[in-house]
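S.K.:
Protein chains: 2
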Amino acid sequence: MAKYSSDHPIFYVTVDVAILTVHDDELQVLLVKRRNEPYAGKLALPGGFVDPDEDLTDAARRELREETGLTDVPFEQLASYGAPGRDPRGRIVSVAHVAIVPEPLSARAGDDASEAGWHAVEPLLRSRGRLGFDHKQIVTDAVERVRTKLERTTLATSFVAEEFTLSDLRSVYEVVWGHPLDPGNFQRKVTKTEDFVAETGRMRPSQGPGRPAGLYRARRPGIHPLSIPISRPQA
Amino acid sequence: MAKYSSDHPIFYVTVDVAILTVHDDELQVLLVKRRNEPYAGKLALPGGFVDPDEDLTDAARRELREETGLTDVPFEQLASYGAPGRDPRGRIVSVAHVAIVPEPLSARAGDDASEAGWHAVEPLLRSRGRLGFDHKQIVTDAVERVRTKLERTTLATSFVAEEFTLSDLRSVYEVVWGHPLDPGNFQRKVTKTEDFVAETGRMRPSQGPGRPAGLYRARRPGIHPLSIPISRPQA
DNA sequence: ACAAAAGTGTTGGACTTACACCCATGC
DNA sequence: GCATGGGTGTAAGTCCAACACTTTTGT
């Protein structure tokens, strides 16, 4: 097949990844400080240009690995952003993705990128001008996506370590939704929901007062639909 | 700002629109027959290249208008598809959208496009090779999106005319979900759900046996969240 | 003993489901 | 009258939110 040359406009395509975690009772997103123009000095989502023979998903996975060293992390495509003026360098469409990383593994930021670090989402979204490009919008959309996915999928287990207590898991919901949940009701619902969590039989060594908590693990890795959804309290 | 020239790979960006409707008790999608290579003779979603100064949303709206003559139709971005080999002409990323058009206005296909026509979704998705590119995947994703959005938003009213009976509305759910719904329970749920439908006070002139049905209209145009979701029967 | 976290029981109310049943029309 | 679709009533079962209460630890 002959090389395609036409008068169709030329685009560049990037992937940006909103890597989210829960840390210190806050929903946080991994951001890099930009060194170069445009938006030098501003914060931005990790991302980069898609390689010539690379699928969009592979490009996002590559970015994720470069920034966090993590592989096998659940992520999915979020949306694409391509307003004409969004990047002064030309016509650039960004295919944004969302990824969820567990809290304990998230302490370390990327080694490859320049000054990658975690930032609490709430103050970021209230602020103006801290994020370059249209990345504030992307983060907004990513958070909304995660909020709704918590309700109907097993996504929450992606936020916690391989073994976790139900309090750990409950905290994920409380932080992401911004509402406290009844511990007892949460316990019942989670344990009664099929394919969500499985007991390990062991206990977490107690770290303070209170009865020691049972350790659980996700029944299946990744994001799966829940037979019984976790109800989200109204605002 | 200087023109951007770099060694980053060059892409072309298209928008494709899955325009869905319910007709003859079937979920249908508007497709065009391709005249040119690649995939000449195959069916494909209407779509085209994004113009140099056009936003992705505007490009999708333009395609929608060119194919159906309709404006002010609710639509939203679905996902982007950019596998390296998906288009032999080069590296082309398609930003797919979903649009819903009302049944009565949908009889006429586009005048601009070549042989646009409605096709039932189910046999299409069961078949092999009738659709060009990766458009079968896009249609699959579009249908899944619509199925879940019916549950939690007012999307269903976008499938019916401005004035409709509750049977009309119920039929949308039944066709899209592939399950019959209890007419009585549906009635109650829809009328009790806030911001969903409003009575007109008038009746539909009867067209066959049976008690004449009340005419309703959507309380708000477009797609809005439902305070009380319509429950989806399990398979 | 006391506080705190984990986990179980209970209860009233909301919602759903599966019908029965009445209403209004065409034939 | 009878079939058909529109619409209301109703009762059993399920689910849920709230909160009391028990269990097991640290201090």
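So the protein lines, in turn, are chains A and B.
Position 219 of the first sequence, counted from 1, bears residue number 219 in this note's numbering, the numbering being contiguous throughout.
Position in the second sequence (first residue = 1) + 235 = this note's numbering.
Just so it is clear, CB atoms sit at the ideal spot from N, CA and C, and this is done for glycine as well.
#1: With which residues is A/G214 paired in a DSSP beta bridge?
#2: In whole angstroms, give me the CA-to-CA distance for B/D290 and A/V93.
#3: Under three-state DSSP, which class holds A/K189?
#4: What are the partner residues of A/E151, as DSSP defines its beta bridges?
#5: Would the region 278-293 of chain B count as touching the region 78-88 of chain A if we require 3 or more Cβ pairs under 8 Å?
#6: So A/S231 contacts chain B; which residues on that side make the cut at Cβ distance below 7 Å?
#7: Can the beta-carbon of B/A391 be found less than 8 Å from the beta-carbon of B/L401?
#8: Roughly how many angstroms separate the alpha carbons of A/R145 and B/D259, rounded to a whole number?
#9: Spatial neighbours of A/Y173 within its chain, please: CB distance less than 7 Å, with the 5 preceding and 5 following residues excluded, ordered by chain position.
#10: Looking at the C-beta of B/I254, does it have a partner C-beta in chain A at a distance below 8 Å?
#11: I want to see whether chain B comes within less than 8 Å of A/Q303, judged by CB atoms only; does it?
#12: Distance, Cα to Cα, B/R455 vs A/D72?
#13: Note down the Cα distance separating A/T200 from B/Q372, rounded to an integer number of angstroms.
#14: Quick check on the DSSP output: the beta strand (DSSP E) that includes A/V98 runs from which residue to which?
#15: Please classify B/D430 as buried or exposed, where buried requires at least 16 neighbouring CB atoms within 10 angstroms.
#16: Three or more C-beta pairs closer than 8 Å, one from the region 59-70 of chain A and one from the region 8-18 of chain A: is that the case here?
#17: For B/P281, does the count of other Cβ atoms within 10 angstroms reach 16, so buried, or fall short, so exposed?
#18: When the Cα of A/I100 is compared with those of A/E163, A/L64, A/R89, which residue comes out closest?
#19: So if I threshold CB-CB distances at 8 Å, which residues from the region 47-68 of chain A count as touching chain B?
#20: State buried or exposed for A/S158, treating a residue as buried only when at least 16 other CB atoms are found within 10 Å of its CB.
#21: Chain B partners of A/F11, CB-CB under 7 Å?
#22: Report yes if the C-beta distance between B/T388 and B/L461 is below 8 Å; otherwise report no.
#23: Using a beta-carbon distance below 8 Å, is A/G110 in contact with chain B?
#24: Using a Cβ-Cβ distance cut-off of 8 Å, determine whether A/R145 contacts chain B.
#25: Run through chain A and tell me which residues come within less than 7 Å of B/H243, C-beta to C-beta.
#26: Look at the Cβ atom of A/L124, then the Cβ atom of A/A44, and state whether they are nearer than 8 Å.
#27: Tell me the rounded alpha-carbon separation between A/F75 and B/G445.
#28: Please state whether the Cβ-Cβ distance between B/V257 and B/E357 is less than 8 Å.
#29: Does the distance from the C-beta atom of A/R89 to that of A/I10 stay below 8 Å?
M.R.: According to the structure shown:
#1: A/M203
#2: Between the alpha carbons of B/D290 and A/V93 lies a distance of about 10 Å.
#3: helix
#4: Note: A/E151 sits in no beta bridge, so no partner.
#5: They touch, by the three-pair rule.
#6: By Cβ distance, chain B contributes nothing, its closest Cβ being about 12 Å from A/S231, past 7 Å.
#7: Against a cut-off of 8 Å, the Cβ pair of B/L401 and B/A391 comes out as no contact.
#8: So the alpha carbons of these two residues sit roughly 35 Å apart.
#9: L150, A156, L181, I230
#10: no
#11: Nothing can be reported for residue 303 of chain A: it is not among the residues displayed for chain A, which extend from 1 to 235.
#12: 43 Å
#13: 39 Å
#14: 92-100
#15: exposed
#16: yes
#17: buried
#18: With distances taken between Cα atoms, A/I100 lies closest to A/L64.
#19: Result list: F49, V50, D51, P52, D53, E54, D55, L56.
#20: buried
#21: F246, Y247, V248
#22: yes
#23: Because the pLDDT of A/G110 is 49, which lies under 50, any placement of that residue in the model is unreliable, and the number read from its coordinates should be weighed accordingly. Not closer than 8 Å to any Cβ of chain B, the Cβ of A/G110 fails to qualify, so no.
#24: No, because no Cβ of chain B sits closer than 8 Å to the Cβ of A/R145.
#25: Y12, F49
#26: no
#27: 52 Å
#28: no
#29: Judged by their CB atoms, A/R89 and A/I10 are not nearer to each other than the 8 Å cut-off.
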